[in-house]
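Numbered according to the numbering used here, the sequence shown spans residues 12 to 182.
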Amino acid sequence: MNVRKFFLIFLVATACAGAGCGDDGPAATECFDYSKFDGATPEVSFSAEVLPIFQRSCSFSSTCHGAEAGSAGFAYLGPPLSEQATQAQIDAIVAQNVGAASRAPSGMPRITAGDPANSFLLHKLDDTLSCGDLECAPDGCGDPMPFGGDPLPSVERDAIRRWIQQGAKVN
Numbered sequence: 012m013n014v015r016k017f018f019l020i021f022l023v024a025t026a027c028a029g030a031g032c033g034d035d036g037p038a039a040t041e042c043f044d045y046s047k048f049d050g051a052t053p054e055v056s057f058s059a060e061v062l063p064i065f066q067r068s069c070s071f072s073s074t075c076h077g078a079e080a081g082s083a084g085f086a087y088l089g090p091p092l093s094e095q096a097t098q099a100q101i102d103a104i105v106a107q108n109v110g111a112a113s114r115a116p117s118g119m120p121r122i123t124a125g126d127p128a129n130s131f132l133l134h135k136l137d138d139t140l141s142c143g144d145l146e147c148a149p150d151g152c153g154d155p156m157p158f159g160g161d162p163l164p165s166v167e168r169d170a171i172r173r174w175i176q177q178g179a180k181v182n
């Protein structure tokens, strides 16, 4: 192999390693590094930022997370994006998720206010079900979310992560 070809391959490989080659989230075997995560800023609004993510990706039907009464033990994450959430619906989202036991025997709440690393929801969204102190790991924690779809973009997962870090407030 000539030097020019080797140098070109080296540059492409280095660029891919640095940019992640389009991978927008952690691999199933890569755990999220909370030591490098700044959850303090920017401040996240549940109503303006987190709820629309849930509505668009999790509650578009009543099959899984769109039924206020819960469906087969699934947590309620809001009405479809086409509907304006009422205060009662927002209260139901918080009641069914913040501090509530997860459906899978994970050993951690769905959402632990102030502690995204110990929030089962983040393990589901990050596809890090074999990471952390999950009692159901490695094969009994269910599927990553959104089920059957592409992972949420990292910017959206980080908004949810920040909201949880900031106390999972209804704001």
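No residue lacks a Cβ here, since even glycine has one placed at the ideal position from N, Cα and C.
All figures in this text were calculated on a predicted structure; none of them were measured in a lab.
- Of A99, R172, G151, A59, the smallest CA-CA separation from S113 is found for G151.
- Residue range 98-108 is occupied by the alpha helix (DSSP H) that includes V105.
- As computed with DSSP, I122 is found in a beta bridge with V109.
- DSSP places S58 within a helical segment (H, G or I) once states are collapsed to three.
- Y87 places its beta carbon 7 Å or farther from that of A111.
- A distance below 7 Å separates the beta carbons of R173 and V55.
- Taken through DSSP and simplified to helix, strand or coil, A170 comes out as helix.
- Q176 sits close to P127, with the two beta carbons spaced by under 7 Å.
- Distance from the CA atom of Q98 to the CA atom of S46, rounded to whole angstroms, is 35 Å.
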